[in-house]
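Down below is the structure, laid out as structure tokens.
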Amino acid sequence: MYSPYIRKTVIILCILSSSVFGYEPQIGHLPISQIALSEYALCDQQNPTIFKQQIKLRMLQGNKAMDHGTWSFSAKDEDLAYGLLTFHYISRITNWHFYHPDSNIKSRHGKFEMSHVRLWNWAKQGLNRASSNTDKALFLGALVHLTEDISVPAHTIPVFHGPATVKYLDTSGYLSQAIKGDSITTIIKDPIDYIPLDKAAISQYFSVNRQQICKQISSTNHLTVDQIRHQLALKTHLAIEQNIAKCPNVRWSAFWPRNIDNHYFGQYHFGMIFGQSGKLIQDTGNYCQFDVNDSRYKTFVNDRHIDAIIADMQLFEWFKSNFL
Ligand SMILES: [Zn+2]
Numbered sequence: 003m004y005s006p007y008i009r010k011t012v013i014i015l016c017i018l019s020s021s022v023f024g025y026e027p028q029i030g031h032l033p034i035s036q037i038a039l040s041e042y043a044l045c046d047q048q049n050p051t052i053f054k055q056q057i058k059l060r061m062l063q064g065n066k067a068m069d070h071g072t073w074s075f076s077a078k079d080e081d082l083a084y085g086l087l088t089f090h091y092i093s094r095i096t097n098w099h100f101y102h103p104d105s106n107i108k109s110r111h112g113k114f115e116m117s118h119v120r121l122w123n124w125a126k127q128g129l130n131r132a133s134s135n136t137d138k139a140l141f142l143g144a145l146v147h148l149t150e151d152i153s154v155p156a157h158t159i160p161v162f163h164g165p166a167t168v169k170y171l172d173t174s175g176y177l178s179q180a181i182k183g184d185s186i187t188t189i190i191k192d193p194i195d196y197i198p199l200d201k202a203a204i205s206q207y208f209s210v211n212r213q214q215i216c217k218q219i220s221s222t223n224h225l226t227v228d229q230i231r232h233q234l235a236l237k238t239h240l241a242i243e244q245n246i247a248k249c250p251n252v253r254w255s256a257f258w259p260r261n262i263d264n265h266y267f268g269q270y271h272f273g274m275i276f277g278q279s280g281k282l283i284q285d286t287g288n289y290c291q292f293d294v295n296d297s298r299y300k301t302f303v304n305d306r307h308i309d310a311i312i313a314d315m316q317l318f319e320w321f322k323s324n325f326l
């Protein structure tokens, strides 16, 4: 009885094999986590090797596996409780990486969990059940990944991006409302997922603000992982509600209007995609003109990357306080 589903699933697996939900791992997730690791070590000058190399590698492996699946896993890793549920491709098809901070917004649709909540809970349970800290770090990598994604507006408004094919697995028509693109191979990409980190600007930011950031990290070591995630989601929501510099009447949120009634997903702006040159027209009629290399785009994305790095550091602090 599952065969049509499985056939479709195989098609989706092929499409998913290019990473499509969230930051592109090599461009986004891994550099964000690596900078967070080195900044975190700088915060604790007395104890810079608190995260042993093996813990770091396992965390990065878990982070990457959230998009790439379990290819790099050993058989032993696959046997870990919640290992396959958290990291396997099959699990990925019905568990996406979006997250809206308001828990009243319904994210379940049939077999699909459009938000990351199931993955998040499996990762937490996997972490608690794992007997060694290096295995726990693998699941920490999953939490780090899902948290980093939330710094991308389209992940937490949320606006669907990924393989448009998934809508063909849903016969109710609900997903078709939010997922544009008719071809079975269409992959909707979010431009922010593909913008590399401006490492010079980030390093400049941390060298000026390091003391205060380190203080903030250690003073928030009582936060739970859920609270860390929630704070980052609110930060991203707050950022898109700001007016765009030099356009006092237009907000960043105009790029991602929430104009489908009662739908989990908002949409991309009809005429203008983030990063493009042109006129962003808000529903009020006010507009904002952008150049292709507009520095306001760069500043906006840089701020999101910095938020993600700081949230990672908070997760590391949580891990250290609870397990090391
Ligand atoms: Zn992701």
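The numbers in the numbering used here rise by one with no breaks, and the one at position 319 of the sequence shown is 321.
No residue lacks a Cβ here, since even glycine has one placed at the ideal position from N, Cα and C.
Buried/exposed call for residue i, threshold 16 Cβ in 10 Å
| i | result |
| --- | --- |
| G64 | buried |
| T158 | buried |
| V210 | exposed |
| V154 | buried |
| S117 | buried |
| D69 | buried |
| T167 | buried |
Identified DSSP bridge partners for residue i
| i | result |
| --- | --- |
| I190 | G164 |
| G273 | Looking at the DSSP assignment, G273 forms no beta bridge with any residue, so it has no partner. |
| G175 | Paired residue(s): none; G175 is not in a bridge. |
| G348 | No answer is possible for residue 348: it lies beyond the span of the chain, which begins at 3 and ends at 326. |
Endpoints, alpha helix (DSSP H) assigned at residue i
| i | result |
| --- | --- |
| R60 | 55-70 |
| N97 | Taken as a continuous stretch (DSSP letters only), N97 belongs to no alpha helix (DSSP H), being part of the beta strand (DSSP E) at 97-100. |
| S297 | 297-325 |
| H90 | Where H90 is concerned, there is no enclosing alpha helix (DSSP H), given that its DSSP letter is neither H nor E. |
| K78 | 77-80 |
| Q36 | 32-45 |
Endpoints, beta strand (DSSP E) assigned at residue i
| i | result |
| --- | --- |
| E115 | 114-117 |
| Q291 | 289-292 |
DSSP-derived helix/strand/coil call for residue i
| i | result |
| --- | --- |
| G85 | helix |
| P27 | helix |
| V252 | strand |
| L402 | Nothing about residue 402 can be read from this structure; the chain reaches only from 3 to 326. |
| R110 | strand |
| Y4 | Low local confidence applies: a pLDDT of 46 at Y4 is under 50, so the model's placement there is unreliable, and no value is given. |
| G143 | helix |
| T136 | helix |
| K169 | helix |
| I181 | coil |
| Q127 | helix |
| P198 | coil |
| D104 | coil |
| W122 | helix |
| T327 | This structure cannot settle anything about residue 327, because the visible part of the chain is limited to 3 through 326. |
Taking only runs that begin and end inside the segment 203-266, name each unbroken alpha helix (DSSP H) of 4 or more residues, in chain order. Fully enclosed alpha helix (DSSP H) runs of 4 or longer: 227-242.
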